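**Student:** The sequence shown: position 384 = 747 (this note's numbering), numbered continuously.
Have a look at the structure that comes next, please.
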Amino acid sequence: MTDNTLPSSCVQLVCFPDVDFSLIEKKLGLAFENGIDTLIAWLPYDFFVYGERLRNICNKLGMMLYWWFPVLSDNPVHDTSSGIVPAHVSFYESRGDFYSNEEFVFICPNDSKNMAALFSYYERVLESGFFDGVFLDRIRFPSPANGFDMLFSCFCSYCMRKYPFLENYKELEHPVISFLSSGNRDYYDFLLVNGYGDWLKYRFSSIYDVVSTLSLKAKERNLTVALDLFSPSLSLFVGQDYRKLSFCADWIKPMVYISTRGPATLPYELEFLMCSSSAAGCDNSFVLSDLQRLCGILAVYSGCKISVPFSVFTSELVMASALSSCPVYAGVELVRVDNPNFSVDRNLVGVYADALLSMDMPFVASWDLLSIPDEYFFLMSREKNKGLQL
Ligand SMILES: [Zn+2]
């Protein structure tokens, strides 16, 4: 942990090359008036100009600035010709981002060549001195929703050299499918009891090693470190261990998105996990049952779509807090755009605001400052809501 001030609440911004800085300043000013004191910005590859402009705006408003860094996917310095290698089977085509056509190609955390380029780029950005903190995103293996065999990655030459015992796990999909179709629901216990602990440890350690290196490099420069993690119930599937990772962070943001439908949101991940596991021969019901076991809540499957009740939002955040050794910030989907898959209704925003107030939990307004209606900032204002409660 660093001694730096932690944000009261944050807002994310995707800074495209043609972005309108005067609009950013106006919207940020409004966010700031409503209790948000930190901007988390995804920058174009040529970060210098954009970083400096945003730094100046934040200085003017008295806000902190974090760099939103996509670590293992969508990173401009990656050589994506060497991506993640799944086990020898391929149950389901990788679909990328079904709704926005993003590729979501992940590179392997053990790929030392790609990692060297990544660390060098990362340090160059940190040396710019523009940032108060880093916000590390895409720190995971690909989700099995993108192809069930992704659950059994990675078998690239770097992984095989670093963890020779992986050779013994190339057939792991068969016992896993039998397990998932058996009615026994504790995946974690299944792996440990059946002697697959090494494999689980390899997945956790591969992600942890990259995160701890990035965290150390940031802390050497007295920057705060925040992590964007999968919702706790799904984190095991992508190699994220909340307990270990939270030790590298000053705060974490679980991605408990229950309404919108894009990668990492619960409806999207569960729907496609069900599709890909079914294509691999699993019993469809396992996803729904597993969510029930983990959250105490049954997701609803109807009309080929999964919907997730609001109570999952709070139960997942409670679980994240219990697993973590650092503060948890709720990621709140607040966008309203033309695409209904990515839009959140104002009534739901009010429900989010009430829930977070009663949990006394700070939040990150996701995903993009410029797509969040002004009224949503008013609705989320903690001070205003506290006043109304008195
Ligand atoms: Zn690998």
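Every residue gets a Cβ at the ideal spot worked out from N, C-alpha and C, and that includes glycine.
Note that the structure is a prediction, hence the values are computed from the model and not measured.
#1: Quick one: does the C-beta of Y521 sit closer than 7 Å to a heavy atom of ligand 1?
#2: Report the option in Y408, Y413, G425, P380 whose CA atom is closest to the CA atom of E396.
#3: Going by other Cβ atoms of all chains shown within 10 Å of its Cβ, with 16 needed for buried, is G510 buried or exposed?
#4: If you measure between the beta carbons of F518 and V601, is that distance less than 8 Å?
#5: In chain order, which alpha helix (DSSP H) runs of at least 4 residues are fully inside the segment 580 to 616?
#6: Let me check understanding here. Comparing Cα to Cα, which of R624, S744, Y532 lies closest to G558?
#7: Can you give me the C-alpha to C-alpha distance between S678 and P617, rounded to a whole angstrom?
#8: Let's see if you can read the secondary structure: which residues bound the beta strand (DSSP E) around K668?
#9: Any heavy atom of ligand 1 closer than 7 Å to the CB of N473?
#10: Examine ligand 1 and report whether any of its heavy atoms sits within less than 7 Å of the Cβ of V448.
#11: Reducing DSSP to helix, strand and coil, say where S463 ends up.
#12: C645: beta carbon under 7 Å from a heavy atom of ligand 1?
#13: Tell me, to the nearest whole angstrom, how far the beta carbon of D572 is from that of P472; I am working on the premise that it is less than 8 Å.
#14: Given this structure, state the Cα-to-Cα distance separating S578 from K476, to the nearest angstrom.
#15: Applying the criterion that 16 or more other CB atoms from any shown protein chain within 10 Å of the CB defines a buried residue, is S622 buried or exposed?
#16: Would I403 and L435 be called neighbours here (beta carbons separated by less than 8 Å)?
#17: For A683, which residues in the same chain have their Cβ closer than 6 Å to its Cβ, ignoring the five residues on either side in sequence?
#18: Within 7 Å: the Cβ of C373 and any heavy atom of ligand 1?
#19: Let me know if C421 comes out buried or exposed under the rule of 16 or more other beta-carbons within 10 Å of its beta-carbon.
**Tutor:** For this structure:
#1: Using a cutoff of 7 Å, the CB of Y521 counts as near ligand 1, since one of the ligand's heavy atoms is closer than that.
#2: Comparing Cα-Cα distances from E396 to each of Y408, Y413, G425, P380, the minimum goes to G425.
#3: It counts as buried.
#4: For F518 and V601, no; Cβs fall outside 8 Å.
#5: Entirely contained in the segment 580 to 616, the alpha helix (DSSP H) runs reaching 4 residues are, in chain order, 595 to 598, 605 to 608.
#6: Looking at the Cα atoms, Y532 is the closest of the given residues.
#7: When rounded, the distance between both Cα atoms is 12 Å.
#8: Per DSSP, the unbroken beta strand (DSSP E) holding K668 starts and ends at 668 to 670.
#9: Yes, the Cβ of N473 comes within 7 Å of a heavy atom of ligand 1.
#10: The answer is yes for V448.
#11: Unreliable positioning characterises S463 in this predicted model, as indicated by a pLDDT of 45, which lies under 50. The coordinate reading is nonetheless provided below. Coil, per DSSP.
#12: No, since every heavy atom of ligand 1 falls outside the 7 Å radius drawn around the Cβ of C645.
#13: That belief holds up - the Cβ atoms of D572 and P472 are roughly 7 Å apart, short of 8 Å.
#14: In a straight line, the C-alpha of S578 is about 19 Å away from that of K476.
#15: Buried.
#16: No, the Cβ-Cβ distance between I403 and L435 is not below 8 Å.
#17: Within the same chain, A683 has close Cβ partners P595, P617, V691.
#18: No; taking the cut-off as 7 Å, the Cβ of C373 has no heavy atom of ligand 1 nearer than that.
#19: Buried.
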